[in-house]
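Novice: Under the working numbering, the first residue of the sequence shown is numbered 60, with each subsequent residue one higher.
Think of the CB as a built atom: it goes at the ideal place given N, C-alpha and C, for glycine as much as any other residue.
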Amino acid sequence: MRLRQRADYVAVQSGGTKVHGRHLLAITRRRAQPELAGRLGLTVTKKVGNAVVRNRIKRLVREWMRLHGWVPTGWDMVLVAKDSAARQLHLEDFASDLTRILRQLLA
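And the structure:
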């Protein structure tokens with residue numbers, strides 16, 4: 060599932076736990092109802108690059124999450140791309156970062 064409402068993004072960013080990766084910042088927050096499916100939101104700002112670069116980063120992160128990752132049940136997660144992400148436009152670069160972030164969050 061995806062985060063779609065601005066209020067959901069703001070709730071996660073204001074009350075969530077931050078984990079820094081090389082190219083991504085993950086902010087997570089427990090949902091009020093822990094039995095609900097986890098939700099993911101992506102933020103790639105204009106400082107990262109032009110629209111082509113920003114969309115490529117979003118596609119890579121979504122593809123990795125589809126293949127390997129998941130947001131744990133009862134959690135909301137917002138991934139914010141850092142400006143270094145624009146220089147690493149390969150799935151392998153994001154894979155190591157996302158794997159490390161998820162391990163840290165689940166520990």
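Measure the CB-CB distance between Asp191 and Arg88 and report whether it falls below 8 Å.
Specialist: Outside the modelled stretch of the chain, which goes from 60 to 166, sits residue 191, for which no answer is possible.
Novice: Would you verify that the beta carbon of Arg121 is, or is not, closer than 8 Å to some beta carbon of chain B?
Specialist: Within the model displayed, chain B is absent; a lone protein chain is all it includes.
Novice: Going by beta-carbon coordinates alone, are Val130 and Leu99 separated by less than 8 Å?
Specialist: Numbered from its first residue, the sequence shown carries residue 130 at position 71. Numbered from its first residue, the sequence shown carries residue 99 at position 40. Closer than 8 Å, so yes.
Novice: Rounded to whole angstroms, what's the CA-CA distance from Asp152 to Gln72? Just pull it up for me.
Specialist: Along the sequence shown, read from residue 1 onward, the residue named residue 152 stands at position 93. Along the sequence shown, read from residue 1 onward, the residue named residue 72 stands at position 13. Approximately 24 Å between the Cα atoms of the pair.
Novice: Of the residues Arg125, Leu161, Val120 and Leu164, which one's Cα is nearest the Cα of His149?
Specialist: Mapped onto the sequence shown, residue 149 falls at position 90. Ranking Arg125, Leu161, Val120 and Leu164 by Cα distance to His149 puts Val120 first.
Novice: Leaving out five residues on either side along the sequence, give the residues of the same chain with a beta carbon under 6 Å from the beta carbon of Gly97.
Specialist: Counting from 1 along the sequence shown, the entry for residue 97 is found at position 38. Closer than 6 Å at the Cβ level, and outside the excluded window around Gly97, lie Val130, Pro131, Thr132 and Trp134.
Novice: Buried or exposed: where does Ala85 fall if 16 or more other Cβ atoms within 10 Å of its Cβ makes it buried?
Specialist: Locating residue 85 in the sequence shown gives position 26, where the first residue counts as 1. With 16 or more Cβ atoms within 10 Å of its Cβ, Ala85 is classed as buried.
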